[in-house]
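Numbering (the numbering used here), first residue to last: 18 to 379. For each residue, glycine too, the CB sits at the ideal point set by N, CA and C.
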Ligand SMILES: *[C@@H]1O[C@H](CO)[C@@H](O)[C@H](O)[C@H]1NC(C)=O
Ligand SMILES: *[C@@H]1O[C@H](CO)[C@@H](O)[C@H](O)[C@H]1NC(C)=O
Ligand SMILES: *[C@@H]1O[C@H](CO)[C@@H](O)[C@H](O)[C@H]1NC(C)=O
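The following block contains the structure:
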């Protein structure tokens with residue numbers, strides 16, 4: 018009897034681990050996520066509903082077809098995923114957010130339409146790879162992983178949002194289509210990321226530690242950002258390496274909110290990055306956000322901002338290559354910028370004396 022029960026129990030555990038769930042409609046999700054292999058076929062997520070994968074630890078997700086999200090003004094998210102040690106294989110398939118239905122040039126906060134986020138969130142860890150996100154209504158990924166997570170080979174394509182429409186008064190219809198908002202609690206690596214013509218930050222690191230952003234390509238938009246840093250936010254140990262920013266407003270940016278207190282940005286290393294074709298700044302470190310080069314606050318401590326190897330900026334005529342606007346006493350220590358090479362552009366605007374090794378090669 019005991020043996021029988023034990024065998025039955027073992028079989029139950031075995032079947033939960035070994036089964037393969039298949040999703041071909043939203044109604045399949047609940048049963049499929051009881052398995053640790055989840056195959057997702059092409060389907061349309063009904064308007065106003067979320068495609069939510071709350072996965073068992075160690076689950077492998079295989080996306081086997083394109084997913085389209087129905088059109089409705091609501092808060093979203095369109096997609097979310099949680100689970101530890103998850104392997105998500107996008108296999109090059111597309112999640113189509115149908116952003117053109119929502120875009121009005123005004124973005125997420127002040128728009129006439131409510132725009133759902135596409136979202137990758139929660140206590141997710143493991144790997145997430147090879148997905149294309151097309152036409153996102155607003156922000157795309159938010160990440161707050163509690164254990165190590167690597168995101169690779171993800172493309173966001175909002176190039177259609179660069180065009181004006183009947184609601185956008187001549188401006189690009191897409192807005193606030195941030196690629197990536199990070200507030201992680203454990204190491205995060207993002208690599209092989211490609212953001213085509215987004216209309217906001219390529220990546221925005223709002224808080225977190227041990228973050229590596231390497232080998233990515235951002236075009237259009239506001240560049241690779243740390244911030245906006247607000248009260249209580251801590252960002253530390255960030256490596257931003259071998260990325261290409263090929264157009265848009267800014268290349269690299271650290272922005273802290275002028276009124277913020279009890280916050281810090283420390284140990285940020287830039288290496289091997291290339292910035293060209295920007296219209297605002299090559300590098301902007303600004304403590305006056307939301308103003309640009311306004312009166313800086315001094316409640317966010319910035320330290321250990323270094324450029325190593327070769328970071329090459331090719332800046333168009335009339336554009337400021339480097340601007341640093343620190344508050345009183347809030348930028349600290351020596352920053353070694355020997356690895357920053359700038360050509361072109363107008364004069365730099367730097368108010369911090371702790372920077373060494375930086376020489377323009379005009
Ligand atoms: C993660 O999941 C894989 C199966 O996908 C498993 O082999 C591995 O042991 C798990 N690792 C941890 C740390 O749980
Ligand atoms: C900094 O981040 C790297 C990459 O995640 C990690 O290997 C290293 O241990 C971290 N260092 C500290 C001091 O946290
Ligand atoms: C400062 O921020 C940290 C989080 O980074 C928080 O734990 C702490 O309570 C804050 N201190 C004050 C005085 O607000």
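Asked: Closer than 7 Å: residue 75 CB and nearest ligand 1 heavy atom; Found: yes
Asked: Separation of residue 41 from residue 322, as counted between CA atoms; Found: 48 Å
Asked: Residues of its chain near residue 356, where Cβ-Cβ distance is below 7 Å and the 5 sequence neighbours each way are ignored; Found: 288, 324, 325, 326, 327 and 328
Asked: CA nearest to the CA of residue 218, picked from 271, 203 and 183; Found: 271
Asked: DSSP state of residue 72 mapped onto helix, strand, coil; Found: coil
Asked: With 16 other Cβ atoms within 10 Å as the buried cut-off, status of residue 307; Found: exposed
Asked: CB of residue 265 within 8 Å of CB of residue 227, strictly; Found: no
Asked: Quiz: which residues have CB nearer than 5 Å to ligand 2 non-hydrogen atoms; Found: 204, 227 and 254
Asked: Endpoints, the beta strand (DSSP E) within which residue 171 is located; Found: Premise fails: residue 171 is in no beta strand (DSSP E) and is neither H nor E.
Asked: Pairwise C-alpha distance: residue 257 and residue 371; Found: 21 Å
Asked: Of the listed residues 116, 297, 341 and 284, nearest to residue 312 (C-alpha basis); Found: 341
Asked: Cβ pair residue 255, residue 243 closer than 8 Å; Found: yes
Asked: Neighbourhood of residue 45 by C-beta distance below 7 Å, restricted to the same chain and skipping five residues each side; Found: 39
Asked: Of the residues 305, 296, 297 and 290, the one placed nearest residue 278, counting alpha carbons only; Found: 305
Asked: Bridge partners - residue 36, DSSP secondary structure assignment; Found: Residue 36 pairs with nothing; no bridge assigned.
Asked: Euclidean distance between Cα positions of residue 337 and residue 363; Found: 5 Å
Asked: Closest residue to residue 375 among 339, 160, 119 and 80 (Cα-Cα distance); Found: 339
Asked: Stretch-stretch touch, CB-based, cutoff 8 Å, three pairs: the region 152 to 172 with the region 195 to 209; Found: yes
Asked: First and last residue of the uninterrupted beta strand (DSSP E) at residue 46; Found: Residue 46 -> not in any beta strand (DSSP E); alpha helix (DSSP H) instead, spanning 46 to 49.
Asked: Check: residue 106 C-beta below 7 Å from any heavy atom of ligand 1; Found: no
Asked: Local Cβ density within 10 Å of residue 155, reported as buried at 16 or more and exposed below that; Found: buried
Asked: Residue 102: CB within 7 Å of a non-hydrogen atom of ligand 1; Found: yes
Asked: Collapsed DSSP secondary structure at residue 118 in the structure displayed; Found: helix
Asked: Residue 251 Cβ short of 7 Å to ligand 3 heavy atom set; Found: yes
Asked: Classification of residue 233 by the beta-carbon crowding that lies within 10 angstroms, buried from 16 upward; Found: buried
Asked: Closest by C-alpha distance to residue 198, when choosing among 246, 175 and 316; Found: 246
Asked: Pair within 8 Å by beta-carbon distance, residue 269 and residue 290; Found: yes
Asked: Residue 315 - containing beta strand (DSSP E), residue span; Found: Where residue 315 is concerned, there is no enclosing beta strand (DSSP E), given that its DSSP letter is neither H nor E.
Asked: 3-residue-minimum beta strand (DSSP E) runs that sit fully inside the region 268 to 301, ordered along the chain; Found: 280 to 288 and 291 to 293
Asked: Residue 279 Cβ short of 7 Å to ligand 5 heavy atom set; Found: Absence of ligand 5 is noted for the structure shown, with ligand 1, ligand 2 and ligand 3 being the only ligands found.
Asked: Distance between residue 80 and residue 93 (C-alpha atoms, nearest Å); Found: 21 Å
Asked: Residue nearest to residue 83 in terms of C-alpha spacing, selected from 62, 285, 330 and 348; Found: 62
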